[in-house]
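Data first, discussion second: the structure below is written as structure tokens.
Protein chains: 2
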Amino acid sequence: MSSQISEATTNRLSVYLRCLNELDAAGVRAVSSKTLAEQFDLNAPQIRKDLAHFGELGVRGVGYYVKDLKRQLRHILGLDRHLKVAIMGAGNLGLALADYPGFRQEGFGIAALFDNLRDKVGQQSRAGVPIYDIKELRKIARRDQIVIAVIAVPLSSAQAVVDKVVAAGIKAILNFSPGALRAPDDVKLKNVDLTVSLESLSFYLAREASGDDT
Amino acid sequence: MSSQISEATTNRLSVYLRCLNELDAAGVRAVSSKTLAEQFDLNAPQIRKDLAHFGELGVRGVGYYVKDLKRQLRHILGLDRHLKVAIMGAGNLGLALADYPGFRQEGFGIAALFDNLRDKVGQQSRAGVPIYDIKELRKIARRDQIVIAVIAVPLSSAQAVVDKVVAAGIKAILNFSPGALRAPDDVKLKNVDLTVSLESLSFYLAREASGDDT
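Respectively, the protein sequence lines represent chains A and B.
Per this note's numbering, the first sequence starts with residue 1, numbered consecutively.
Per this note's numbering, the second sequence starts with residue 1, numbered consecutively.
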């Protein structure tokens, strides 16, 4: 039951899947770890090591069949199960996430938005995701088989919303709120910090600036 | 001028900085790489290796002074330069990013939103970021010394907006649009794929489900 696969590995599997999607769309049938690494700025031994966790996915002398590896990665990542997702908070961030094209493309079903504001409840996102009263979370989570909740409410109400999500029996939470939230041990809580991506650009600009001086 | 520091390292430096912020807020004065690793589920040799790139930041027998290391990391990441950011697109995602608290906390200045819709231009985000006509990008980028642009427009217009950003002389771009965009070699383009975080939850749920069967 306990997973030996780190979150960093899982993140890399997602990246490999993205690359394979691109190759597949371009009509490429097979690819070696070396070519994959060169084309997408990855590390070939790392690719082989990551994929070796899941048995013999490659074919000697060929590398990987793109469609096969895609299907296997989707299975490993649980993407063939069409998991249902609820977005907590129908503000700008919640509405943006509800209609984020990548979620649908990868087979997630954004089933519902939840909010507590009367003029939001009963409305829907531009793509048609219905907004429900957060009081109905437990009932709708059960009815729609929602297994992942995305926290997109302000920090001040984030912990209270997480507690409601946990009480509704949802075991996986993706948190976009900037604070440190608590959940029981049997609930997987993953924090997304958008600042990290901005900081790597800042680092790049700082290096460029100091390079100019030398 | 060319950086030997990988993007993965930069991302980890950002994570270390988050941890140090928490320790500092809790009144902790010094911390060893071992304690840092244990407390935040990191890897101690990796921490030492990452920080060693930047000279002797630790003190023998003490570890790292929290405030000192924080200041040094902020300097390394270029966060003491108060970089100005423009958000391209004043839809739900753009407005959410303009008011995202983490950006401000880490010293980024969200100077402007840009859109081409007449009823958006002249308005502002809830936190007061002004929305300008995208035609004014070059002028305002120069006036406000904007050095980073965040792409938060639909895929169909993303490349055209990137081209305008490049033409305005902005050298660092953070892209939230799901497609593959092109920029010249002297422009750093970083893609954020929000699906990756959702997929690691999906993987966790898939493992739990298969664990239940054994």
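Where a beta carbon is used, it is the ideal one built from N, C-alpha and C, also for glycine.
Residue i, buried or exposed, once every other Cβ within 10 Å from all chains shown has been counted against 16
{"i": "residue 158/B", "result": "buried"}
{"i": "residue 209/A", "result": "exposed"}
{"i": "residue 199/B", "result": "buried"}
{"i": "residue 50/B", "result": "buried"}
{"i": "residue 41/A", "result": "exposed"}
{"i": "residue 177/A", "result": "buried"}
{"i": "residue 127/B", "result": "exposed"}
{"i": "residue 156/B", "result": "exposed"}
{"i": "residue 29/A", "result": "exposed"}
Any non-hydrogen atom of the ligand GTP within 6 Å of residue i CB
{"i": "residue 155/A", "result": "As far as ligands go, the structure on display features none, and thus does not contain the ligand GTP."}
Span separating the alpha-carbon of residue i from that of residue j
{"i": "residue 149/B", "j": "residue 204/A", "result": "14 Å"}
{"i": "residue 20/B", "j": "residue 115/A", "result": "34 Å"}
{"i": "residue 207/A", "j": "residue 104/B", "result": "22 Å"}
{"i": "residue 80/B", "j": "residue 67/B", "result": "14 Å"}
{"i": "residue 31/B", "j": "residue 54/B", "result": "18 Å"}
{"i": "residue 191/A", "j": "residue 135/B", "result": "36 Å"}
{"i": "residue 138/B", "j": "residue 117/B", "result": "18 Å"}
{"i": "residue 110/A", "j": "residue 142/A", "result": "15 Å"}
{"i": "residue 213/A", "j": "residue 108/B", "result": "Here residue 213/A scores only 42 on pLDDT, less than 50, and its place in the model should not be relied on; the value that follows carries that caveat. Roughly 23 Å separates the two Cα atoms."}
{"i": "residue 154/B", "j": "residue 89/B", "result": "8 Å"}
{"i": "residue 145/B", "j": "residue 84/B", "result": "6 Å"}
{"i": "residue 201/A", "j": "residue 86/A", "result": "31 Å"}
{"i": "residue 100/B", "j": "residue 193/B", "result": "17 Å"}
{"i": "residue 197/A", "j": "residue 10/B", "result": "9 Å"}
{"i": "residue 140/A", "j": "residue 123/A", "result": "16 Å"}
{"i": "residue 186/A", "j": "residue 95/B", "result": "34 Å"}
{"i": "residue 1/A", "j": "residue 195/B", "result": "For residue 1/A, the predicted structure reports a pLDDT of 30, less than 50, and the residue's modelled location is therefore unreliable. The matter cannot be settled from this model."}
{"i": "residue 17/B", "j": "residue 78/B", "result": "12 Å"}
{"i": "residue 97/A", "j": "residue 179/B", "result": "16 Å"}
{"i": "residue 189/A", "j": "residue 167/A", "result": "14 Å"}
{"i": "residue 183/A", "j": "residue 147/A", "result": "15 Å"}
{"i": "residue 25/A", "j": "residue 70/A", "result": "12 Å"}
{"i": "residue 14/A", "j": "residue 113/A", "result": "25 Å"}
{"i": "residue 102/B", "j": "residue 62/A", "result": "46 Å"}
{"i": "residue 12/B", "j": "residue 60/A", "result": "35 Å"}
{"i": "residue 52/A", "j": "residue 6/B", "result": "24 Å"}
{"i": "residue 164/B", "j": "residue 170/B", "result": "9 Å"}
{"i": "residue 93/A", "j": "residue 121/A", "result": "16 Å"}
{"i": "residue 46/A", "j": "residue 73/A", "result": "16 Å"}
{"i": "residue 132/B", "j": "residue 133/A", "result": "35 Å"}
{"i": "residue 181/B", "j": "residue 181/A", "result": "35 Å"}
Chain-ordered chain A contacts of residue i [CB-CB under 7 Å]
{"i": "residue 7/B", "result": "200"}
{"i": "residue 11/B", "result": "196, 200"}
{"i": "residue 83/B", "result": "202, 205"}
Top-ranked residue by Cα proximity to residue i, from the options
{"i": "residue 119/B", "options": "85/B, 160/B, 130/B", "result": "130/B"}
{"i": "residue 48/A", "options": "38/A, 33/A, 60/A", "result": "33/A"}
{"i": "residue 65/A", "options": "82/A, 84/A, 42/A, 36/A", "result": "36/A"}
{"i": "residue 223/B", "options": "164/B, 181/B, 27/B, 23/B", "result": "The shown model of chain B, from 1 to 214, leaves out residue 223/B, and the question about it has no answer."}
{"i": "residue 175/A", "options": "75/A, 69/A, 167/A, 161/A", "result": "161/A"}
{"i": "residue 82/B", "options": "106/B, 188/B, 164/B, 127/B", "result": "106/B"}
{"i": "residue 152/B", "options": "169/B, 46/B, 173/B, 29/B", "result": "173/B"}
{"i": "residue 125/A", "options": "91/B, 98/B, 121/B", "result": "91/B"}
{"i": "residue 75/B", "options": "57/B, 62/B, 61/B", "result": "57/B"}
{"i": "residue 43/B", "options": "8/A, 169/A, 43/A, 73/A", "result": "8/A"}
Listed by chain order, chain A residues near residue i by CB distance under 9 Å
{"i": "residue 193/B", "result": "14, 15, 18, 102"}
Chain-ordered chain B contacts of residue i [CB-CB under 7 Å]
{"i": "residue 172/A", "result": "201, 204, 205"}
{"i": "residue 78/A", "result": "202, 203, 205, 206"}
Within chain B, the residues that residue i reaches when beta carbons sit closer than 8 Å
{"i": "residue 147/A", "result": "205"}
Chain B contact residues for residue i, given Cβ-Cβ distances below 9 Å
{"i": "residue 155/A", "result": "101"}
Chain D contact for residue i (CB, 7 Å cutoff)
{"i": "residue 149/B", "result": "The structure shown contains no chain D; its protein chains are A and B."}
Contacting positions in the region 88–110 of chain A - beta carbon closer than 9 Å to chain B: 91, 92, 93, 94, 95, 96, 97, 98, 99, 100, 101, 102, 103, 105, 106, 107, 108
Contact list for the region 179–191 of chain A against chain B, Cβ threshold 8 Å: If the cut-off is 8 Å between Cβ atoms, the region 179–191 of chain A has 180, 188, 190 near chain B.
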